[in-house]
Ligand SMILES: [Zn+2]
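In our numbering, the protein residues as written are 7 to 251.
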């Protein structure tokens, strides 16, 4: 048994996500998309409502909203790219080490695999037989799955992750941006606040359901967070607008 600095999932837990297969992965992606959209809604809503507190100039609102959308979506994409790249690097390093260990001490690795299978509920004899069969077919894959909890053929692509969060943030940010520039002057802030709070109800509910949590409190927290962001920036914007800074 070899200690690893950065295991991606606990290999012994019978229900870690890597073992739930395609459905679990898809739900994780969906949840990340909803949370990314939520970020886009809140940060852009706070920005444009703040600017609307200071000025009624549509061009200024559009400029601020677009700049916020671009800055936010690119920062999300860059952050996601870095974090997924780092994770993939450590997964590749773990796989390389596993490959080396399989070459250098195959018997110890076979015993290790059998031990891990036994801890999942197989009898020693069956675990041994399963370990032998898995190792004959593809030893590295068997160790990657059972020991590391990763699928060596489907490591997450950092560019894929970056694009996904870029698009999710942009989709969310478009709502407050359009809500602040399309209506006539007096309606901008009320329309934006109402549509943002409605959208945050949907994203809060969806992400709670995808995470198998009770939606009530999640929705309340999500809506309260967005409302607070808009209230604070609107107050600051109005103050600056009134004092003519
Ligand atoms: Zn191993």
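Backbone N, C-alpha and C define an ideal beta-carbon position, used for all residues, glycine too.
Beta-carbon proximity list for residue i, same chain, < 8 angstroms, skipping 5 on both sides
i           : result
residue 168 : 83, 84, 86, 87 and 90
residue 80  : 172
residue 76  : none
residue 114 : 107
Where residue i falls, given that 16 or more other Cβ within 10 Å makes a residue buried
i           : result
residue 182 : buried
residue 191 : exposed
residue 16  : Because the pLDDT of residue 16 is 43, which lies under 50, any placement of that residue in the model is unreliable, and the number read from its coordinates should be weighed accordingly. Residue 16 comes out exposed.
residue 65  : exposed
residue 111 : exposed
residue 248 : exposed
residue 129 : exposed
residue 199 : buried
residue 204 : exposed
residue 206 : buried
residue 127 : exposed
residue 218 : exposed
residue 237 : exposed
residue 116 : buried
residue 142 : exposed
residue 29  : exposed
Neighbourhood of residue i by C-beta distance below 6 angstroms, restricted to the same chain and skipping five residues each side
i           : result
residue 35  : none
residue 40  : 209, 212 and 213
residue 74  : 50 and 53
residue 9   : Summary for residue 9: the model assigns pLDDT 38, below 50, so the residue's position carries little reliability; its value from the coordinates is reported in the next sentence. Nothing listed; no residue qualifies.
residue 194 : 58 and 186
residue 189 : 197
residue 228 : 206 and 210
residue 225 : 207, 210 and 211
Other residues of its chain near residue i: CB distance less than 7 angstroms, five sequence neighbours each side excluded
i           : result
residue 57  : 66, 67, 70 and 243
residue 94  : 161, 162 and 164
residue 137 : 116, 119, 120 and 123
Any non-hydrogen atom of ligand 3 within 6 angstroms of residue i CB
i           : result
residue 173 : Although ligand 3 was asked about, the structure shown includes only ligand 1 as ligands.
*Could you say if the stretch 80–99 and the stretch 161–179 meet the contact criterion of at least three C-beta pairs nearer than 8 angstroms?*
The stretch 161–179 and the stretch 80–99 touch, with three or more beta-carbon pairs separated by less than 8 angstroms.
*Would you list, in sequence order, the uninterrupted alpha helix (DSSP H) runs of no fewer than 4 residues that lie entirely inside the stretch 124–157?*
Secondary structure within the stretch 124–157: the alpha helix (DSSP H) runs of 4 or more consecutive residues, fully enclosed, are 130–149 (chain order).
_Touch test, the stretch 226–235 against the stretch 44–60, Cβ-Cβ under 8 angstroms, three pairs minimum_ = Look at the beta carbons and you see the stretch 226–235 touching the stretch 44–60: at least three pairs across the two are nearer than 8 angstroms.
*Counting Cβ pairs, one atom from each stretch, are 3 or more of them under 8 angstroms apart for the stretch 95–105 and the stretch 135–151?*
By the Cβ criterion, the stretch 95–105 is in contact with the stretch 135–151, since at least three pairs of Cβ atoms, one from each stretch, lie closer than 8 angstroms.
*asked:* Run the Cβ filter for me: residues under 6 angstroms from any heavy atom of ligand 1, listed in the order they occur in the chain.
replied: Qualifying residues come out as 104, 107, 115, 118, 149 and 153.
*So, do the stretch 133–144 and the stretch 112–122 have three or more beta carbon pairs nearer to each other than 8 angstroms?*
They touch, by the three-pair rule.
*Would you list, in sequence order, the uninterrupted alpha helix (DSSP H) runs of no fewer than 4 residues that lie entirely inside the stretch 165–227?*
Entirely contained in the stretch 165–227, the alpha helix (DSSP H) runs reaching 4 residues are, in chain order, 194–216.
*Where in the stretch 23–92 do unbroken runs of the alpha helix (DSSP H), each at least 4 residues long, occur, reported from the N-terminal end onward?*
Within the stretch 23–92, the runs of alpha helix (DSSP H) that reach at least 4 residues and sit entirely inside it are, in chain order, 27–60.
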